[in-house]
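The opening position of the sequence shown corresponds to residue 766 in the numbering used here, with each subsequent residue numbered one higher. Beta carbons are placed, not taken as given, at the ideal position from N, Cα and C, and that holds for glycine. What follows is a set of notes on a single structure, which appears directly below.
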Amino acid sequence: MTHRLTQSAIDYRYVDTVLLTHTHLDHVADLPTPAKARLLDGHDTFTVIGLQGIQNVCDALFVVDDLAERLTISVREPPAGADPFTIDDLEIERAPTDHSKPGYEYQFDEQVTTAGDTAPTEPVCSLANGSDVPVHECTYPDGTEAPGHSTPTALGELFTDVDVDRILLTHLFPRDGTARR
766 MTHRLTQSAI
776 DYRYVDTVLL
786 THTHLDHVAD
796 LPTPAKARLL
806 DGHDTFTVIG
816 LQGIQNVCDA
826 LFVVDDLAER
836 LTISVREPPA
846 GADPFTIDDL
856 EIERAPTDHS
866 KPGYEYQFDE
876 QVTTAGDTAP
886 TEPVCSLANG
896 SDVPVHECTY
906 PDGTEAPGHS
916 TPTALGELFT
926 DVDVDRILLT
936 HLFPRDGTAR
946 R
């Protein structure tokens, strides 16, 4: 997360809320970094929003550097069926994903939809339908067995009837060193 924020020129000291799609280590391991950056910059709060059980993950992660004792960490676990929910003035809808861990795809104010690790599914496509900016993971190339993830062809086939102009792909892992961003 912090690597991508740095690439985008977003100063992660000012990130006060993080919304998690699921709890695999590659999605949560650096969660303490923006929290500590906020603390060192004089801020005393940090919020994490995610699926049921995220409190246990946060308890384990924020023990590092005694962050849980030095920072007010708010953890929200909106229950299933509580949609839409809000972060400040931002309205958020969600759909379950198909991955090895439970997770959600999120849609923000009916404009941006983002899916973490997931196979392309009808609920995911339905939520993305009409989004200005759908962002979807595409971890593996065609021809790869990818349970719980997406390949370009599978994603394209399922999104054929979805009302979007384009799909932004994320979570790309080059396999042979020839892939470019």
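A distance below 9 Å separates the beta carbons of S839 and V813. Annotated three-state conformation of R931 is coil, per DSSP.
The beta carbon of T935 is closer than 6 Å to those of V900, E902 in its chain, skipping five residues each way along the sequence. By the neighbour-count criterion, in which a residue is buried when 16 or more other Cβ atoms sit within 10 angstroms of its Cβ, E856 is exposed. Contact check for T909 against D882 fails: the beta carbons are separated by 9 Å or more. By DSSP's assignment, I857 forms a beta bridge with F850, F873.
Taking C-alpha positions only, A794 is separated from D781 by approximately 17 Å. In this structure, E875 is the residue among L920, H808, E875 with its C-alpha nearest to the C-alpha of L892. When DSSP states are grouped into helix, strand and coil, I819 belongs to the helix group.
In the DSSP assignment, H901 forms a beta bridge with A880, L934.
Between the C-alpha atoms of D930 and P799 there is a straight-line separation of about 33 Å. One alpha carbon belongs to S773, the other to P888, and they sit about 29 Å apart.
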